[in-house]
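Be aware that the sequence shown starts at -1, since it is given in our numbering, and climbs by one per residue. Ideal Cβ placement from N, Cα and C applies to all residues, glycine included. Structure first, then comments.
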Amino acid sequence: MRKIRMGMVGGGQGAFIGAIHRIAAQMDNEIELVCGAFSSDPERSLESGKALYLDPARCYGSYQEMFHREKELPADKRMDMVTIVTPNHLHFPVARLALESGFHVMSDKPATLTLKEALELAALVKQSSLLYGLSHTYTGYPMVKEAKSRIAAGALGKIKKVVVEYPQGWLAAKENEQSKQASWRLDPAQSGISCCIGDIGVHAANLAEYITGLEITALSASLTTNVEDRLLDDDGTVLLRFNNNAHGVLLASQISVGEENNLRIRVYGERASLDWSQLEPNSLLMKFPDQASQLIRSGVGELAQATITSLRTPAGHPEGYLEAFANLYRGFAYRLRSRLETDNTGGHLLEETNALDVPGIYEAVRGMAFIENVVAASQSELKWHPFSLVPNEELAIIPQGAKHA
């Protein structure tokens, strides 16, 4: 029995999401950070690692060096898994070399730069039999799991309509582009063919499919660029069709002034509806046509096992983004531990593993397909487009809609 040893690529000094991953990974005392290639600048990588109190000998100048040298360490020293927290264009090459080197992978989303890469990655994961996880964080919230459980149990009846929205305002002005977080997201070479849809729209699409258990089968999209000389979209509206004939609307925006991370989903069924917002994550509102609405609170009353397993504190003690993130790492750690330990762990661990699901390569492929399908639909004059898992390598990187403020 020991902690799972984690390495990290990216996430050095000045990065945002790297620190979030480190906090989440270590929250449940299942995982420890032992090494990293925190920057493409070897000196910066070393300084970042030293600031985290890591052994300087395991603060590497490149991810290639890290995988090569970690493989040479004794089995009781080397890392078990790697977390990828780089800009998008590095997700695939890092994940590919990690799998080829025998290391399990947890990656920030989106999984790759293109759908073609995602499909190649899926083949590598299957071939390697190693674990692959993707940080679609919002699936880790307890009340999201409660919503999913109630829908799966038929509490809403047949799903008729899904409305999911993710407005932000942090890229509303030209001067907002100067930050490190903005600069690479707006660079097609690092971000890919989309900024807004690739960054937050894919979260909204994943949440819609996760909660409802449905798949998007067709879409119609309009993406726009609202700031002069910006190459990628910063706002989008997508109409959706699902595989049970339900319809939906997905709104994603990074130029909605005053909005923070106001992710919200409403699911309407024949008998009832559910409403969840990240700004009030411990509450789930259930509405009916013929009775009073029901406010479901985390930790109160009868809840699904998946909800209970994902909770850490008593009712009335808020749990949020970091805890949801940590639930993904806890689920990943349980799965990885079941492979590392050959003794019989008993039923409790298996029960926890099943309750704490983790987005994986399936979600990775569908996420990249969603991004490419939305961009293609926005560039087309046709209204509806079947949801395709075939890469579209002819997509042009142009200002979407060319609607400048």
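Asked                                                                                                                                                          : Found
Per the contact definition of three or more C-beta pairs closer than 8 Å, is the segment 140 to 154 in contact with the segment 224 to 237?                    : no
Taking the beta strand (DSSP E) that Val32 belongs to, which residues open and close that run?                                                                 : Ile29 to Ala35
Under the three-state reduction of DSSP, which class applies to Thr137: helix, strand or coil?                                                                 : helix
In the DSSP assignment, find the unbroken beta strand (DSSP E) run with Leu122 in it and report its ends.                                                      : Not the beta strand (DSSP E): Leu122 falls in the alpha helix (DSSP H), residues Leu113 to Ser126.
Do Leu293 and Ser281 have their C-beta atoms closer together than 8 Å?                                                                                         : yes
Answer yes or no: do Leu261 and Ala202 have a C-beta to C-beta separation smaller than 8 Å?                                                                    : yes
What does Arg262 pair with, by DSSP beta-bridge criteria?                                                                                                      : Glu163 and Ser275
Quick check on Cys193: does DSSP put it in helix, strand or coil?                                                                                              : coil
Are at least three pairs of beta-carbons, each pair with one atom in the segment 162 to 175 and one in the segment 214 to 230, less than 8 Å apart?            : yes
If you compare alpha carbons, which of Ser60, Asp197, Leu128 and Glu173 is closest to Gly358?                                                                  : Leu128
Could you give the residue range of the beta strand (DSSP E) that holds Ala324?                                                                                : Element bounds for Ala324: not the beta strand (DSSP E) but the alpha helix (DSSP H), Tyr319 to Leu338.
Are the segment 185 to 196 and the segment 7 to 22 in contact at 8 Å, needing three or more beta carbon pairs?                                                 : no
When the Cα of Ile141 is compared with those of Asn390, Thr84, Val388 and Leu277, which residue comes out closest?                                             : At residue 141 the sequence reads Met, which differs from the Ile that was named. Met141 has its Cα closest to that of Leu277, out of Asn390, Thr84, Val388 and Leu277.
Out of Met284, Tyr51 and Asp232, which one is the CA nearest neighbour of Arg148?                                                                              : Met284
Between Ile82 and Pro287, what straight-line distance do the alpha-carbon atoms span, to the nearest angstrom?                                                 : 46 Å
Answer with buried or exposed for Phe240, where buried requires no fewer than 16 other C-beta atoms within 10 angstroms of its C-beta.                         : buried
Which whole runs of the alpha helix (DSSP H) in the segment 41 to 99 are 4 residues long or more, in chain order?                                              : 61 to 70 and 89 to 98
Indicate whether the contact test is met: 3 or more Cβ pairs, each with one atom in the segment 112 to 120 and one in the segment 366 to 384, closer than 8 Å. : yes
Put Arg0 into one of helix, strand or coil per three-state DSSP.                                                                                               : coil
Would the segment 31 to 47 and the segment 56 to 73 be scored as touching if the rule is three or more Cβ pairs under 8 Å?                                     : yes
Can you give me the C-alpha to C-alpha distance between Leu348 and Trp382, rounded to a whole angstrom?                                                        : At Leu348 the pLDDT is 47, less than 50, meaning the model places this residue with poor confidence and gives no usable figure here.
When DSSP labels each residue in this structure, what does Glu392 get in the three-state scheme?                                                               : coil
Roughly how many whole angstroms lie between the Cα atoms of Ser126 and Ala290?                                                                                : 52 Å
Quick check: Ser378 and Leu221, are their CB atoms within less than 8 Å of each other?                                                                         : no
In three-state DSSP terms, what is Met366?                                                                                                                     : helix
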